[in-house]
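Every number in my numbering is 1 more than the matching position in the sequence shown, counting from 1. No residue lacks a Cβ here, since even glycine has one placed at the ideal position from N, Cα and C. Because the structure is a prediction, the values reported are computed rather than measured. Input: a single structure, listed below in structure tokens.
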Amino acid sequence: MKKIVRDFSSPFLAASHQCYSLLTGVLLITFLGACSNLNKQDHFKVAEPQLSKAEALPDIDLSKGLLFQLMLSEIAAQQGNPGVAHISYLQLAKETQDPRIAKRATQMALAARRLDAALEAAQFWLSLSPNNQEATQLSWYLMASLNKIDMLEPLLSSHIKSANKNQGPPIADALQVLSQISNRSEAYSLAQRVFDSALDNTDTQLALAQLAYAAQLNTAAIEHARKALALSPASEKAVLVNAQLLATQDPEAALAKLETFLKKQASARQVRLTLARYYANKKDFAKAQEQFEILAKPQTLANGMVQTDPDALFALGSLAMQTKNWELATKHLKAYLDVIAKDSARDPINALLSLAAIAEEQKQFLQAVEWYEQIDTPTQFLNAQIRAALALSRAGQQEAAWGKLKTLKPFSPEEKTRMLLAQSQLLRDRARYSEAFELLSEPLKQQPNNTDLLYDRAMLAEKLNRFEEAELGFKRIIELKPDSAYAYNALGYTLADRNIRLEEAQTLIEKAVNLSPNDAFILDSLGWLQYRQGRIHEALKTLRKAYELRADPEIAAHLGEVLWINGQREEAQTLWRNAQKIEPNNETLKAVMLRHQVPLGALP
């Protein structure tokens with residue numbers, strides 16, 4: 002665990018994690034969007050008055066008194082007193098019988114977050130303009146939000162029953178209203194009553210599935226989704242809802258349902274995309290790749306134009322990165338950049354960072370610099386230039402690296418910290434540890450609670466065998482950030498590596514594991530601690546898992562050490578030499594090989 006883990010010091014970790022997150026993220030049940038815990042105020046924003054030509058307006062004489070009252074009302078609104086403005090506007094609306102003023106009164110009540118008053122104003126507005134759809138919908142939204150079920154139910158029922166038979170029942174409108182009811186079970190029960198006349202409609206069953214799921218009635222939700230699919234066997238939406246709900250109980254059955262559907266409906270792109278993501282979540286990258294390759298094939302549109310799905314190309318690049326197929330990943334990511342080149346709405350940054358990370362993994366540092374140089378977005382420019390400087394350093398061009406850093410102008414305290422850490426990294430790359438330590442010491446006098454600077458300085462202190470300073474630094478970080486897995490891990494590893502206070506080291510490292518259970522470097526520390534405690538078999542298991550997560554030379558050094566002690570010397574030598582190909586000058590790796598008299602160099 003001797004590496005200083007930084008965002009810019011391991012670009013592959015950052016880029017691949019970002020790509021994989023974009024690719025596989027948690028598969029949210031998309032049809033549940035309306036049931037999420039939204040800020041209901043957003044639903045009550047009322048547009049500027051747009052009255053239909055058929056709507057009759059009162060013939061009002063704009064007297065000085067009326068104009069004065071309107072001005073006072075608007076001044077109250079502009080001065081941040083919407084409650085006062087609401088009362089004034091509502092009084093004027095009642096005097097003038099003008100729906101436009103009633104609408105403004107409703108707006109002010111909403112701005113004041115007085116929902117009861119807003120409902121009163123909206124209903125008065127509706128009484129003046131009975132056919133106004135906006136006033137109708139807003140009244141229903143407010144009834145739902147205020148849980149006025151008795152008022153709402155007959156209105157929604159009538160709305161559903163009176164719908165044009167050719168257009169079908171307005172389920173989507175009703176669903177949006179029902180989704181405002183805070184008691185999800187009550188919303189579902191109301192929907193069952195309101196939709197009673199339209200149960201043979203696919204959208205009705207899907208809406209009921211959504212509301213049942215939101216009420217945590219999973220069995221009922223699955224049954225409604227099943228009925229929807231039975232009504233419309235070729236519906237992509239129906240099969241997706243079916244699969245996504247079924248996945249909560251039987252993921253394999255959900256997968257099978259999507260596969261079966263695609264055999265009959267091969268052109269169902271949304272279903273294929275969902276299936277590809279399921280495979281990716283299962284880490285079945287070969288099957289995921291197969292589906293994304295189909296999605297990435299150029300399509301001929303009705304107008305004769307040929308179109309390629311850039312998201313599918315990006316996903317293929319991300320998958321190839323996961324399997325460390327750098328050549329294939331580069332191919333797909335370059336294709337992605339070509340496709341989006343003329344689309345200003347698309348951001349190439351993720352692809353450029355990924356390509357740079359791939360180049361660094363292959364030790365093609367100057368190629369990585371070329372990719373970083375193409376990033377000119379203001380929010381990412383400094384970070385990209387820092388990475389470019391570090392890549393130059395690793396290519397042996399230290400002067401060019403320093404020159405690049407000197408041209409950068411950080412503006413925020415965060416950017417200044419990143420610059421300092423980058424300068425420290427350049428010094429570490431040249432084994433100038435004392436200079437790096439002093440570089441970070443001075444700014445810490447002005448920023449004693451800067452945990453990033455504290456962490457790097459403590460790691461450098463450990464490297465310089467200044468144990469007390471390292472320990473103080475890590476403990477200070479833990480005080481400032483009790484959830485910092487890296488601080489617990491660093492201090493625990495420092496103790497374990499010195500073979501001292503192992504019980505304390507165990508407490509610290511286990512805390513780090515609890516905070517970040519799948520971090521390869523933290524698991525490496527745990528395995529090394531287990532080795533120090535004489536728990537060889539546990540150490541081997543833990544270190545193998547760490548190495549599977551990240552084939553890093555530091556982890557290889559520790560795993561090989563334990564293999565060697567356990568008598569598995571041939572495997573240890575093979576592991577070390579393969580790791581040496583990745584990072585020939587790694588000090589920890591070279592030290593362990595020399596200690597066991599294993600010749601440095603590649604495998605014969």
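Hey, is residue i's beta-carbon within less than 8 Å of any beta-carbon in chain B?
{"i": "Leu421", "result": "Here chain B cannot be found, since the structure has a single protein chain."}
DSSP on residue i, reduced to helix/strand/coil?
{"i": "Val307", "result": "strand"}
{"i": "Gln177", "result": "helix"}
{"i": "Gln250", "result": "coil"}
{"i": "Gln300", "result": "strand"}
{"i": "Ile182", "result": "coil"}
{"i": "Asn567", "result": "coil"}
{"i": "Ser190", "result": "helix"}
{"i": "Leu601", "result": "coil"}
{"i": "Gln217", "result": "coil"}
{"i": "Lys284", "result": "coil"}
{"i": "Asn38", "result": "Bear in mind that a pLDDT of 31 at Asn38, under 50, signals an unreliable position, so the model cannot answer this."}
{"i": "Ser163", "result": "coil"}
{"i": "Glu584", "result": "coil"}
{"i": "Asp377", "result": "coil"}
{"i": "Asn202", "result": "coil"}
{"i": "Ser74", "result": "helix"}
{"i": "Asp636", "result": "In this structure the chain extends from 2 to 605, so residue 636 is not present and cannot be described."}
{"i": "Asn384", "result": "helix"}
Does residue i pass the burial test, meaning 16 or more other C-beta atoms within 10 Å, or should it be called exposed?
{"i": "Glu96", "result": "exposed"}
{"i": "Val195", "result": "buried"}
{"i": "Ala538", "result": "The sequence given here places His at residue 538; Ala does not occur at that position. With fewer than 16 Cβ atoms within 10 Å of its Cβ, His538 is classed as exposed."}
{"i": "Gly318", "result": "buried"}
{"i": "Gln363", "result": "exposed"}
{"i": "Met420", "result": "buried"}
{"i": "Ala379", "result": "Before going on, a small fix: residue 379 reads as Pro here, not Ala. Classification for Pro379: exposed."}
{"i": "Asp151", "result": "exposed"}
{"i": "Ala173", "result": "exposed"}
{"i": "Ile501", "result": "exposed"}
{"i": "Lys446", "result": "exposed"}
{"i": "Leu191", "result": "buried"}
{"i": "Ile523", "result": "buried"}
{"i": "Pro483", "result": "exposed"}
{"i": "Gln80", "result": "exposed"}
Within a Cβ cutoff of 8 Å, which residues of the same chain sit near residue i, ignoring the five residues on either side of it in sequence?
{"i": "Ser435", "result": "Leu465"}
{"i": "Gln300", "result": "Val307, Gln308, Thr309 and Asp310"}
{"i": "Gln399", "result": "Leu393, Leu427, Asp430 and Arg431"}
{"i": "Phe366", "result": "Ala360, Ala392, Leu393, Arg395 and Ala396"}
{"i": "Lys258", "result": "Val240, Asn243, Ala244 and Leu247"}
Leaving out the 5 sequence neighbours to the left and right, which residues in its chain are closer than 6 Å to residue i when beta-carbon positions are compared?
{"i": "Tyr532", "result": "Ala540 and Val563"}
{"i": "Ser485", "result": "Ile478"}
{"i": "Ala254", "result": "Leu247"}
{"i": "Ala352", "result": "Leu334, Tyr337 and Leu338"}
{"i": "Ala94", "result": "Ile102, Ala103 and Ala106"}
{"i": "Leu550", "result": "Ala521"}
{"i": "Tyr489", "result": "Leu509, Lys512 and Ala513"}
{"i": "Ala287", "result": "none"}
{"i": "Tyr373", "result": "Ala357, Ala385, Arg388 and Ala389"}
{"i": "Ser186", "result": "Ala216"}
Short of 7 Å in beta carbon distance, which residues of its chain neighbour residue i, apart from the five on each side in sequence? Order them along the chain.
{"i": "Ala471", "result": "Ala459, Ala462, Glu463 and Thr495"}
{"i": "Thr331", "result": "Leu356 and Ile359"}
{"i": "Thr249", "result": "Asn219"}
{"i": "Leu263", "result": "Ala269, Val272, Arg273 and Leu276"}
{"i": "Leu560", "result": "Leu544, Arg545, Tyr548 and Leu576"}
{"i": "Asp348", "result": "none"}
{"i": "Ala423", "result": "Phe9, Ile387, Ala390, Leu391 and Leu406"}
{"i": "Ala210", "result": "Ala222, His225, Ala226, Ala229, Val242 and Leu246"}
{"i": "Ile341", "result": "Pro311, Arg347 and Pro349"}
(message) Just to confirm the assignment: which complete alpha helix (DSSP H) runs, minimum length 4, are found wholly within the segment 120–161?
(response) 134–146
(request) Could you tell me whether the segment 324–332 touches the segment 296–311, using the rule of 3 or more Cβ pairs below 8 Å? (result) no
(message) Could you tell me which whole alpha helix (DSSP H) segments of length 4 or greater appear in the segment 307–373?
(response) 311–323, 327–341 and 350–362
(message) Contact between the segment 154–163 and the segment 121–130 is defined here as three or more beta-carbon pairs at a separation below 8 Å; is this criterion met?
(response) no
(message) To test your reading of the DSSP string, which unbroken alpha helix (DSSP H) runs of 4 or more residues are found completely within the segment 493–547?
(response) 503–516 and 521–533
(request) Pick out the complete alpha helix (DSSP H) segments inside the segment 394–448, 4 residues or longer, and give them in chain order. (result) 399–408, 414–430 and 434–447
(message) Could you check whether the segment 174–182 touches the segment 144–151, counting it as contact only if at least three pairs of C-beta atoms, one from each stretch, sit closer than 8 Å?
(response) yes
(request) Run through the segment 225–271 for me and flag every whole alpha helix (DSSP H) of 4 or more residues, listed as ranges in chain order. (result) 237–247 and 252–265
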